[in-house]
Amino acid sequence: MPELPEVETTRRGIEPWASGRRITRLVVRNRRLRWPVPRELAARVAGATIDAIGRRAKYLLLRTSAGTLIVHLGMSGSLRVLPAGSRPQAHDHFDLELDSGHCLRFNDPRRFGSLLFTRGDPLAHPLLAALGPEPLSADFDDERLWRRARGRRAAIKTFIMDARTVAGVGNIYASEALFRAGIRPGLAAGRVSRARMLALAAAIRTVLAAAVGAGGTTLRNYVDAAGLPGHFRPRLWVYERAGAPCRKCRTPIRQVVLGQRSSYWCPRCQR
DNA sequence: AGACAGACCTGTGAGC
DNA sequence: TGCTCACAGGTCTGTC
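So the first sequence is numbered by our numbering: it starts at 129 and just counts up by one.
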């Protein structure tokens with residue numbers, strides 16, 4: 129799915145359509161998402177006004193006068209703005225209908241996504257409370273990243289994909305940031321030098337910011353709020369390029385599985 | 001505490 | 001054509 133850049137692109141896309149609007153109806157066609165959508169949710173949010181659209185890690189936060197709707201896009205989800213009542217397609221699991229005549233339509237073939245609700249502080253929700261710092265905010269502290277890695281034997285790629293280390297870095301951008309920092313993905317996190325760890329933090333920031341600027345990466349399912357794919361894919365250095373020549377040194381890109389996830393790297397550019 | 005594997009689910013492409 | 005298998009952008013849960 130959607131990693132941080134894709135979720136942020138979605139947030140920006142729905143914001144002008146949803147912020148300030150009143151929810152007229154929540155239509156749930158399939159409540160069997162990662163966590164079942166509660167039956168009473170529709171009644172709780174009907175009539176509420178959407179005050180703001182936020183994001184924490186890969187979670188979208190629709191703050192309303194009744195509470196906060198928390199949307200996760202899972203591996204294959206998207207949230208689009210469409211005319212309310214337009215014909216649903218396969219895997220269109222819920223519509224959040226607005227008083228403008230539009231709706232936010234959630235599509236997710238694999239159903240790893242979710243729709244949650246909380247009346248309290250969403251950041252205190254059990255699924256969000258333990259998340260690490262936002263990589264594009266000042267909370268992402270290079271020094272703290274370095275300290276956290278002390279003694280860790282897990283691969284550096286697995287380490288930066290742990291949402292408690294830093295939020296929002298998924299499989300694509302973990303490989304991409306490591307390429308940019310010149311660090312091989314299988315190196316134990318605790319063995320990355322301080323200087324290289326700082327370079328990695330910088331690479332995480334730059335690659336995520338660049339991907340947000342390009343509207344994210346589309347490999348298969350991802351589309352933004354307008355139904356359009358992201359444009360970052362041609363700018364990937366290594367992801368899904370196994371066997372293809374490195375764009376810097378022409379050495380064939382390698383693929384290795386770390387933490388049950390495919391990882392891509394250049395054996396010459398990354399040490 | 002940290003490091004794993006397994007689980008959830010559907011679609012797609014490769015190989016036979 | 002049709003079957004089986006591997007794999008896909010996430011992340012929680014259980015076990016050692």
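Glycine residues also receive a C-beta, built at the ideal position from the N, C-alpha and C atoms.
### Message
Would you call the segment 312-327 in contact with the segment 335-343, where contact means no fewer than 3 C-beta pairs closer than 8 Å?
### Response
no
### Query
Can you give, in chain order, each stretch of the alpha helix (DSSP H) that sits fully within the segment 296-369 and has at least 4 residues?
299-309, 322-341
### Message
Below 8 Å on the Cβ atoms is my contact criterion, and I expect ALA212 with ASP220 to pass it. Report the Cβ-Cβ distance as a whole number of Å.
### Response
The residue labelled residue 212 in the question sits at position 84 within the first sequence. The residue labelled residue 220 in the question sits at position 92 within the first sequence. Not confirmed; about 12 Å, so no contact.
### Message
Please give the ranges of any alpha helix (DSSP H) in the segment 161-200, keeping only runs that are unbroken, at least 4 residues long and fully inside the region.
### Response
169-173
### Message
Output needed for LEU386: all residues of its chain with C-beta closer than 7 Å, excluding positions within five of it in sequence on either side, in chain order.
### Response
By 1-based counting over the first sequence, the position of residue 386 is 258. Counting only Cβ-Cβ distances below 7 Å, and skipping sequence neighbours, we find ALA283, LYS285, THR286, PRO313, GLY314.
### Task
Tell me where the beta strand (DSSP E) around ASP223 begins and ends.
Within the first sequence, numbered from 1, the residue matching residue 223 stands at position 95. Element bounds for ASP223: 220-226.
### Query
Using the C-alpha atoms, what's the distance from PRO144 back to GLY298?
Within the first sequence, the letter at position 170 stands for residue 298. Within the first sequence, the letter at position 16 stands for residue 144. Spanning the two alpha carbons is a distance of roughly 27 Å.
### Query
What number of angstroms, rounded off, separates the C-alpha of SER206 from the C-alpha of ARG361?
Residue mapping note: residue 206 aligns to position 78 of the first sequence, counting from 1. Residue mapping note: residue 361 aligns to position 233 of the first sequence, counting from 1. Cα to Cα, the separation comes out at about 17 Å.
### Query
Candidates ARG363, ARG247, VAL165, SER391: which alpha carbon is nearest ASN371's?
Reading the first sequence from its first residue, position 243 is the one you call residue 371. Residue identity differs from the one stated: residue 371 is Gly in this sequence, not Asn. Comparing Cα positions, the closest option is SER391.
### Query
Thinking C-alpha only, which one of PRO357, PRO380, LEU356, GLY355 is nearest TYR367?
For the purposes of this step, residue 367 is identified with residue 239 of the first sequence, where counting begins at 1. The shortest Cα separation from TYR367 among PRO357, PRO380, LEU356, GLY355 belongs to PRO380.
### Task
Report the rounded CA-to-CA distance for GLN217 versus LEU190, giving the unit in angstroms.
Within the first sequence, residue 217 is the residue found at index 89, counting from 1. Within the first sequence, residue 190 is the residue found at index 62, counting from 1. Taking the straight line joining both Cα atoms gives about 24 Å.
### Message
Within 8 Å, do at least three Cβ pairs link the segment 165-182 to the segment 243-258?
### Response
yes
### Query
How would you label SER321, buried or exposed, when you count the other beta carbons within 10 angstroms and need 16 or more for buried?
In the first sequence, counting from the first residue as 1, residue 321 sits at position 193. With fewer than 16 other Cβ atoms within 10 Å, it is exposed.
### Query
Near GLY235, which residues of its chain fall below 6 Å by C-beta distance, leaving aside the five closest residues on each side in sequence?
The residue labelled residue 235 in the question sits at position 107 within the first sequence. Note on identity: in this sequence residue 235 is Asn, with Gly being the wrong assignment. The answer, listed in chain order, is SER206, HIS219, ASP220.
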